[in-house]
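Let me begin by presenting the structure, written as structure tokens, before commenting on it.
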Amino acid sequence: MDFNMTHFFGPLLVVIAFWVFGRGIVKRSRGKTFRPLPAFLLLLAALSFRFIFGEGNILDRLAMTLTDFGIGMIISSAYLAFHRERAKLFWVPGLLVLVMAGIMHLSIAVVQAIAKSICHEPTTVELLAELGPDDHIEELQPILKKYKARAEKAFENVDMEEDEDLAQFHVIYVDSAYKDPLLKELRLDTENVDDADVNHIVSLFDPIPANAPELNRYHYKANDPYLSSQWYLEKLDYNRAFDLVKNKTPKEKVIVAIVDTGVDSDHEDLKPVFKRSPGNTDKHGHGTHCAGIAGAATNNEIGIGSLNWEGKYLTILGFPALDQYGRGSDKTVSKAIIDAAEAGADVISMSLGGYSPVPPKSQKEAIEYALKLGAIVVVAAGNSNDNAKYYSPANVPGVITVSAVDENLNKAGFSNTNTSLKMPIAAPGVNIFSSIPGSKYQSFSGTSMATPLTAGLIGMMRAFKPDLTPKEAHKILKDTGKKVKDSGKVGNVVLPYAALEAVQ
Numbered sequence: 003m004d005f006n007m008t009h010f011f012g013p014l015l016v017v018i019a020f021w022v023f024g025r026g027i028v029k030r031s032r033g034k035t036f037r038p039l040p041a042f043l044l045l046l047a048a049l050s051f052r053f054i055f056g057e058g059n060i061l062d063r064l065a066m067t068l069t070d071f072g073i074g075m076i077i078s079s080a081y082l083a084f085h086r087e088r089a090k091l092f093w094v095p096g097l098l099v100l101v102m103a104g105i106m107h108l109s110i111a112v113v114q115a116i117a118k119s120i121c122h123e124p125t126t127v128e129l130l131a132e133l134g135p136d137d138h139i140e141e142l143q144p145i146l147k148k149y150k151a152r153a154e155k156a157f158e159n160v161d162m163e164e165d166e167d168l169a170q171f172h173v174i175y176v177d178s179a180y181k182d183p184l185l186k187e188l189r190l191d192t193e194n195v196d197d198a199d200v201n202h203i204v205s206l207f208d209p210i211p212a213n214a215p216e217l218n219r220y221h222y223k224a225n226d227p228y229l230s231s232q233w234y235l236e237k238l239d240y241n242r243a244f245d246l247v248k249n250k251t252p253k254e255k256v257i258v259a260i261v262d263t264g265v266d267s268d269h270e271d272l273k274p275v276f277k278r279s280p281g282n283t284d285k286h287g288h289g290t291h292c293a294g295i296a297g298a299a300t301n302n303e304i305g306i307g308s309l310n311w312e313g314k315y316l317t318i319l320g321f322p323a324l325d326q327y328g329r330g331s332d333k334t335v336s337k338a339i340i341d342a343a344e345a346g347a348d349v350i351s352m353s354l355g356g357y358s359p360v361p362p363k364s365q366k367e368a369i370e371y372a373l374k375l376g377a378i379v380v381v382a383a384g385n386s387n388d389n390a391k392y393y394s395p396a397n398v399p400g401v402i403t404v405s406a407v408d409e410n411l412n413k414a415g416f417s418n419t420n421t422s423l424k425m426p427i428a429a430p431g432v433n434i435f436s437s438i439p440g441s442k443y444q445s446f447s448g449t450s451m452a453t454p455l456t457a458g459l460i461g462m463m464r465a466f467k468p469d470l471t472p473k474e475a476h477k478i479l480k481d482t483g484k485k486v487k488d489s490g491k492v493g494n495v496v497l498p499y500a501a502l503e504a505v506q
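Each number in the numbering used here comes from the position in the sequence shown (counting from 1) with 2 added on.
Right, dumping it as structure tokens:
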């Protein structure tokens with residue numbers, strides 16, 4: 003029912019019901035018949051109407067119903083007083099009910115104020131606006147001033163000569179109350195603004211805690227103590243890959259950038275392969291886990307193993323796109339990609355993203371920039387048991403998108419599918435044992451784990467073939483990969499030895 007109608011008819015019905023009561027009392031005092039049941043039913047109906055169709059939650063509606071009840075009694079007492087009847091019969095209880103209602107209204111207001119102060123949304127929101135190549139932020143000052151907004155360059159380290167699209171991105175800070183009208187005006191200003199959107203939140207594809215792996219007795223040709231906890235080494239025949247790489251010399255040492263929560267640079271199994279970079283610490287743990295999978299030093303009698311034999315093939319760098327809670331934004335992710343590309347990353351591994359059927363323009367252009375600078379970008383498909391084409395950056399053109407398989411090389415139940423995208427591939431992503439901060443180790447599951455495994459393998463391929471392109475890398479992984487039952491959903495499963503053999 004319409005809000006205004008409820009406010010009008012609710013109290014009116016209650017007052018009418020009490021008027022009927024008062025009139026009946028006057029009639030009875032004058033010797034006439036009064037049947038209270040109809041008046042009682044009318045009052046019950048009026049109060050029920052007020053409660054059911056009132057505004058707000060249950061407590062709000064109860065408080066308003068009590069208020070109407072008290073007002074009705076006071077009005078009825080006035081009617082009785084006018085006819086010189088027992089007015090106290092109604093005005094004393096009515097006054098008490100109004101006091102109760104007032105206390106309830108006050109209590110609700112106090113609780114709501116406290117809740118709002120604790121759970122309030124930030125008053126400032128961020129927008130991302132891309133200006134045209136010949137435009138300047140000063141041209142937007144009238145609009146920004148109108149909404150008390152301020153702007154700054156989003157990617158200070160990119161100039162117009164390097165990339166005229168990224169160089170024209172600006173972050174705009176505005177009060178949340180003005181977000182929608184400002185965004186509307188920016189989008190209408192097609193003369194100066196090429197794109198404008200909210201700086202969306204981006205988060206981890208949360209890894210799923212896994213059980214401690216069962217130790218197998220497979221004999222490995224490396225001496226790391228936890229190799230037997232990495233089931234996929236046997237499943238994918240890493241021994242053959244170890245035989246291939248241990249006596250080889252890379253044509254070029256490859257940089258693998260972990261764009262994530264950072265990396266614990268002091269971890270015992272990462273310290274030999276980690277190079278100083280912006281993400282030297284990791285207060286979350288996700289980035290450190292991914293780094294170990296991608297390129298932990300191998301055959302060093304410490305920790306776990308990867309394909310990075312004695313650390314001579316891969317150098318790991320960390321770039322913090324996400325904070326200690328695993329949250330970032332389009333801007334922080336894009337900036338981390340740009341920083342990784344400018345630091346010379348040969349392979350960029352990203353186990354993050356969010357639902358976004360149309361990729362955010364900043365992410366798309368940052369990845370294009372990384373590809374232009376020669377990086378191969380490897381991205382997680384996501385853990386929603388959905389189609390990865392709806393998730394960014396998995397759906398950005400030019401990336402290799404990785405789904406996860408389990409110990410039987412079947413699609414992991416949580417894994418998004420990826421075969422509707424251009425470059426799908428699959429890798430183990432269930433119960434993956436790897437490094438976590440503090441020189442410790444733990445198992446997790448997720449496409450987050452399958453992605454650095456694939457990124458590390460591509461890095462090894464580039465060590466032997468430095469000019470390897472993203473399309474060539476994907477074709478090799480696909481052609482040499484294992485076709486499994488779910489390949490139609492997640493692509494073929496990587497086979498390291500065969501892929502490395504193909505680039506010799």
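For every residue, glycine included, the Cβ atom is placed at its ideal position computed from N, Cα and C. Owing to the predicted nature of the structure, the values given are computational and were not obtained by experimental measurement.
Terminal residues of the alpha helix (DSSP H) in which residue i lies
i      : result
Asp341 : 332-344
Phe466 : 449-466
Leu508 : Residue 508 is absent from the model: the chain starts at 3 and stops at 506.
Leu411 : Premise fails: Leu411 is in no alpha helix (DSSP H) and is neither H nor E.
Asp481 : 472-482
Leu316 : Careful: Leu316 lies outside any alpha helix (DSSP H), inside the beta strand (DSSP E) at 316-322.
Inter-residue Cα distance where the pair is residue i and residue j
i      : j      : result
Pro227 : Ala298 : 13 Å
Val94  : Phe55  : 28 Å
Pro439 : Phe321 : 16 Å
Asn132 : Asp197 : Residue 132 is actually Glu in this sequence, not Asn. Near 5 Å, if we compare the C-alpha coordinates of Asp197 and Glu132.
Leu190 : Phe53  : 45 Å
Lys391 : Thr403 : 10 Å
Val22  : Ala41  : 6 Å
Met3   : Asp136 : Reliability fails at Met3, whose pLDDT of 43 lies under 50, so the model's placement of it is uncertain and no value is given.
Val200 : Tyr222 : 50 Å
Ser279 : Ala414 : 33 Å
Ala475 : Gln506 : 13 Å
Lys285 : Asp341 : 20 Å
Ala383 : Thr471 : 20 Å
Lys255 : Ile460 : 12 Å
Leu15  : Ala80  : 17 Å
Tyr371 : Phe157 : 12 Å
Val28  : Val99  : 23 Å
Pro454 : Leu309 : 12 Å
Gly330 : Ser353 : 13 Å
Val492 : Asn420 : 5 Å
Gln232 : Asp271 : 15 Å
Leu479 : Val495 : 8 Å
Ile116 : Leu108 : 12 Å
Enclosing beta strand (DSSP E) for residue i [first to last residue]
i      : result
Asp245 : From DSSP, Asp245 is part of no beta strand (DSSP E) but of the alpha helix (DSSP H) over 240-247.
Gly356 : 354-357
Val492 : Val492 -> not in any beta strand (DSSP E); alpha helix (DSSP H) instead, spanning 489-492.
Gly305 : No beta strand (DSSP E) holds Gly305; DSSP gives it neither H nor E.
Ile434 : 434-438
Asp199 : 195-200
Gly297 : No beta strand (DSSP E) holds Gly297; the alpha helix (DSSP H) holding it covers 288-297.
Which of helix, strand or coil DSSP assigns to residue i
i      : result
Thr421 : coil
Gly328 : coil
Arg152 : strand
His172 : strand
Gln365 : helix
Val101 : helix
Phe5   : Its pLDDT being 42, under 50, Phe5 is placed unreliably by the model, and the measurement read from it follows with that caveat. Phe5 falls in the helix class under three-state DSSP.
Phe157 : coil
Pro498 : helix
Leu206 : strand
Phe20  : helix
Tyr371 : helix
Ser441 : coil
Asp262 : strand
CB contact flag (residue i, residue j, <8 Å)
i      : j      : result
Ala428 : Val407 : yes
Asp182 : Ala169 : no
Val261 : Ala338 : yes
Met230 : Leu238 : Looking at the sequence itself, residue 230 is Ser, so the reference to Met does not match. No, the Cβ-Cβ distance between Ser230 and Leu238 is not below 8 Å.
Leu46  : Met106 : no
Ser405 : Pro430 : no
Pro359 : Asp332 : no
Tyr357 : Tyr393 : yes
Pro252 : Phe466 : yes
Asp348 : Ala377 : yes
Ala243 : Tyr499 : yes
Ser445 : Asn418 : no
Any C-beta of chain B under 8 Å from that of residue i
i      : result
Val349 : This model lacks chain B altogether; it includes just one protein chain.
What are the uninterrupted segments assigned as beta strand (DSSP E) that are 3 or more residues long and contained completely in the stretch 105-147, given in chain order? Counting whole runs of 3 or more residues, the stretch 105-147 contains the beta strand (DSSP E) stretches 126-133.
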